[in-house]
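Novice:
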Amino acid sequence: MTDVASPAPADVIPADLEIERAAPSDAGELAYVAAVTFPLACPPHTTRADIATFITRNLSPARFSEYLHDVAVAVFVARERGEAIGYGLLREGLPPGESTYSLPEGRTIELSKLYVLPHHHGNGAATLLMRSAIEYARQTSAATLWLGVNQLNVRAQRFYQKSGFAKAGTKTFTVGGETEHDFIFALPLQITP
Numbered sequence: 003m004t005d006v007a008s009p010a011p012a013d014v015i016p017a018d019l020e021i022e023r024a025a026p027s028d029a030g031e032l033a034y035v036a037a038v039t040f041p042l043a044c045p046p047h048t049t050r051a052d053i054a055t056f057i058t059r060n061l062s063p064a065r066f067s068e069y070l071h072d073v074a075v076a077v078f079v080a081r082e083r084g085e086a087i088g089y090g091l092l093r094e095g096l097p098p099g100e101s102t103y104s105l106p107e108g109r110t111i112e113l114s115k116l117y118v119l120p121h122h123h124g125n126g127a128a129t130l131l132m133r134s135a136i137e138y139a140r141q142t143s144a145a146t147l148w149l150g151v152n153q154l155n156v157r158a159q160r161f162y163q164k165s166g167f168a169k170a171g172t173k174t175f176t177v178g179g180e181t182e183h184d185f186i187f188a189l190p191l192q193i194t195p
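Here my numbering is used: the first residue of the sequence shown is 3, the next is one more, and so on.
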């Protein structure tokens with residue numbers, strides 16, 4: 003499940019907006035951004051209690067510390083004037099759980115999370131995070147970059163389509179007692195020798 007802003011034209015991206023690989027010392031800032039942004043990507047019927055439980059279990063500083071120490075996970079942070087305003091988290095693998103999809107053969111990288119604080123939507127942070135994610139996936143020789151997005155999150159779906167992704171299937175995503183049937187969007191990557 004992801005929530006992102008519409009892409010900003012390159013000429014309106016603030017000069018003080020930077021994307022960098024996150025370090026273990028960024029765990030607290032990333033958890034804060036996650037706690038603010040994750041609820042925005044949830045469907046309206048998701049309860050506050052279920053969202054809070056999900057954040058505690060999956061988006062806490064301790065959990066981000068685990069992500070940041072896992073060699074199979076890459077986390078990028080968007081900073082504006084030094085402040086963390088968004089992040090992207092990538093990991094190797096295919097859609098988990100119940101899923102139906104059509105992806106090219108070869109190595110796959112999941113863009114598990116891409117979030118930007120709401121008051122920074124439209125400033126280009128999501129676009130730069132997406133570019134970093136695509137470049138990272140290409141550098142790892144992945145054949146496909148894929149992600150899951152809630153079927154009701156039309157704004158994020160438009161952003162992914164503008165970024166070159168297309169629907170490739172569905173997968174389940176559980177928050178609390180609710181199991182969602184998210185869309186899988188995929189981007190085949192051109193590998194150059």
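Every residue, glycine too, gets a C-beta built ideally from N, C-alpha and C.
(1) Measuring alpha carbon to alpha carbon, tell me which of F56, A29, T146 and R160 ends up nearest T110.
(2) I'd like to confirm the pairing. Which residues does DSSP put opposite H183 in its beta bridges?
(3) Can you tell me whether G150 is buried or exposed? The criterion is at least 16 other CB atoms within 10 Å of its CB, across all chains shown.
(4) In angstroms with no decimal places, state the Cα-to-Cα distance between Y69 and V77.
(5) Excluding sequence positions up to five away, which residues of its chain have a Cβ less than 6 angstroms from the Cβ of L189?
(6) Nearest to E22 by CA position, among S62, G179, E82 and H183, is which residue?
(7) In chain order, what residues of the same chain lie with their CB nearer than 6 angstroms to the CB of Y162, ignoring the 5 residues before and after it?
(8) How big is the Cα-Cα spacing for P9 and A33?
(9) With a 10 Å radius around its C-beta and 16 neighbouring C-beta atoms as the bar for buried, classify P11 as buried or exposed.
(10) Report the option in K169, E31 and R59 whose CA atom is closest to the CA atom of V79.
(11) For F78, name the three-state secondary structure that DSSP assigns.
Specialist: Looking at the coordinates:
(1) Reading the sequence shown from its first residue, position 108 is the one you call residue 110. When each option's Cα is compared against that of T110, the closest is T146.
(2) Start at 1 with the first residue of the sequence shown, and residue 183 comes out as number 181. T174, per the DSSP bridge assignment.
(3) The sequence position of residue 150 within the sequence shown is 148, counting from 1. By the 10 Å Cβ count, G150 comes out buried.
(4) Position 67 of the sequence shown, counting from 1, holds the residue named residue 69. Position 75 of the sequence shown, counting from 1, holds the residue named residue 77. Looking at the two C-alpha atoms, the distance is approximately 8 angstroms.
(5) Counting from one through the sequence shown, the residue named residue 189 turns up at place 187. Answer for L189: L147, G166 and F167, listed in chain order.
(6) As a first step, residue 22 is located in the sequence shown; it is residue number 20 there, counting from the start. Cα-wise, what sits closest to E22 is E82.
(7) Here residue 162 refers to the residue found at position 160 when the sequence shown is read from its first residue. Counting only Cβ-Cβ distances below 6 angstroms, and skipping sequence neighbours, we find F187.
(8) As a first step, residue 9 is located in the sequence shown; it is residue number 7 there, counting from the start. As a first step, residue 33 is located in the sequence shown; it is residue number 31 there, counting from the start. Note that P9 scores 47 on pLDDT, short of 50, meaning its location in the model is unreliable; the coordinates nonetheless yield the value given after this. Cα-Cα distance, rounded: 24 angstroms.
(9) As a position in the sequence shown, residue 11 is number 9, starting the count at 1. At P11, the pLDDT of 49 sits below 50, so the modelled position is not reliable; the number obtained from the coordinates is stated separately. Taking every protein chain shown into account, the CB of P11 has fewer than 16 other CB atoms within 10 angstroms, so this residue is exposed.
(10) Taking the first residue of the sequence shown as position 1, residue 79 is located at position 77. Comparing Cα positions, the closest option is E31.
(11) Residue 78 sits at position 76 when you count from the first residue of the sequence shown. Strand, per DSSP.
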